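Per our numbering, the very first residue in the sequence shown carries number 12; after that it's consecutive. Even for Gly, the Cβ is constructed at its ideal location relative to N, Cα and C. Remember, predicted model here, so these are calculated numbers, not experimental data. Note sheet for the following structure.
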Amino acid sequence: MAVEDNTPSTPPSPEPFDATPTQTTSRPAVITPSSPAGRLRGGGDSKLKRSDFGAIIGHYSSTAAAAKAWADFKNQNAERMRDLRPLLMERNTPQGGIALMVGPFANAADAAVACLHLLDVTELCHPALFAGDPLVTAAEFRDTAF
């Protein structure tokens, strides 16, 4: 005949929570452009062959302000920027101004991931179509005078 033990057992005490980050390195994530995944198909004479995406990293009052911001951003984040190209896009909002965008990325998901990493160093970042005018810097005009 078996005897049941009805003595309440004490639950094991939980292990203390370790709030130490598990990341062993403080190096920032490297952000690189991604190649387009394909071409758009369709009839007609559309000049649009594919969609590239970018990450808008700031809004500025002028092209000069955006160029200065890009130079500062690129110098301060050289270790995380690889072959990203800046574009300037006029904002069609009542405030106007210029949006500074980096890219290109093959899709919106890649641009969104880039933004997640860039939010460590910029207050604004969101994916958008990679369209606009190339940012022309003084370094590209070495042999000319202004």
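The beta carbon of D144 lies closer than 7 Å to those of L98, L99 in the same chain, with the five residues before and after it left out. When the five nearest sequence neighbours on each side are left out, the beta carbons in the same chain lying within less than 7 Å of the beta carbon of A123 are those of P138, in order along the chain.
Counting along the chain, V124 sits inside the alpha helix (DSSP H) bounded by residues 119-129. The beta-carbon separation of S62 and L140, rounded to 6 Å, stays under the 8 Å limit for a contact. Here I42 is bridged, per DSSP, to M92. The Cβ atoms of G114 and R96 lie closer than 8 Å to each other. Secondary structure at D63: coil, using DSSP grouped into helix, strand and coil.
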